[in-house]
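>
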Amino acid sequence: VGRPTPKELLIEFVKSSSFDVVCGGFVVANAALMCWQVDWHARSMSDDTPSHFRVLDVCFCAVFVVELALRMFAFGRKFWQRPQLWWNVFDISLVGMQLS
430 VGRPTPKELL IEFVKSSSFD VVCGGFVVAN AALMCWQVDW HARSMSDDTP
480 SHFRVLDVCF CAVFVVELAL RMFAFGRKFW QRPQLWWNVF DISLVGMQLS
């Protein structure tokens with residue numbers, strides 16, 4: 430029994446409940462940011478988005494790209510297999526829309 434490889438450590442990390450909780454927290458925080466943006470636009474009646482919203486959007490996008498990349502790297506080909514296939518496709522679609 431040797432030391433785990435970096436890839437084994439990464440797999441263990443992305444499979445951990447702590448990783449899921451942190452990622453879920455970012456999803457909830459991003460949803461709250463979207464609610465805040467909608468409220469701001471409704472109240473201000475302005476088409477211009479304040480820079481702090483743009484900065485936060487970029488930060489959330491970066492977090493979601495890193496999360497997706499970590500899982501893709503950790504699982505390799507298994508990333509494209511069931512049972513998580515459709516959640517992974519959904520994640521890729523959301524990150525792709527956020528990047529565009």
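When we follow the numbering used here, the leftmost residue of the sequence shown carries the number 430, and every step to the right adds one. We treat Cβ as the ideally placed atom computed from N, Cα and C, and that holds for glycine. Just so we're clear, the structure is a prediction, and the values are computed from it rather than from any experiment.
1) Measuring alpha carbon to alpha carbon, tell me which of P433, V456, E437 and R432 ends up nearest E496.
2) Tell me the residue span of the alpha helix (DSSP H) that contains Q466.
3) To the nearest angstrom, report how far apart A460 and G454 are at their CA atoms.
4) How long is the line joining the alpha carbons of S480 and R506, rounded to whole angstroms?
5) Is the Cβ-Cβ distance between V443 and L499 less than 8 Å?
6) Starting from F482, trace the alpha helix (DSSP H) both ways and give me its first and last residue.
7) Using only the alpha-carbon positions, how far apart do H470 and T478 sit?
Once the coordinates are examined:
1) Within the sequence shown, the letter at position 67 stands for residue 496. With distances taken between Cα atoms, E496 lies closest to V456.
2) For the purposes of this step, residue 466 is taken as the residue at position 37 of the sequence shown. Where Q466 is concerned, the enclosing alpha helix (DSSP H) stretches over S446 to S473.
3) Position 31 of the sequence shown, counted from the first residue, corresponds to residue 460. Position 25 of the sequence shown, counted from the first residue, corresponds to residue 454. In a straight line, the C-alpha of A460 is about 10 Å away from that of G454.
4) Counted from its first residue, the sequence shown places residue 480 at position 51. Counted from its first residue, the sequence shown places residue 506 at position 77. Rounded to the nearest whole angstrom, the C-alpha separation of S480 and R506 is 39 Å.
5) Numbered from its first residue, the sequence shown carries residue 443 at position 14. Numbered from its first residue, the sequence shown carries residue 499 at position 70. Yes, the Cβ-Cβ distance between V443 and L499 is below 8 Å.
6) Taking the sequence shown and counting its residues from 1, one reaches residue 482 at position 53. For F482, the enclosing alpha helix (DSSP H) covers residues S480 to F504.
7) Here residue 470 corresponds to residue number 41 of the sequence shown, with the count starting at 1. Here residue 478 corresponds to residue number 49 of the sequence shown, with the count starting at 1. If you take the alpha carbons of H470 and T478, they lie about 8 Å apart.
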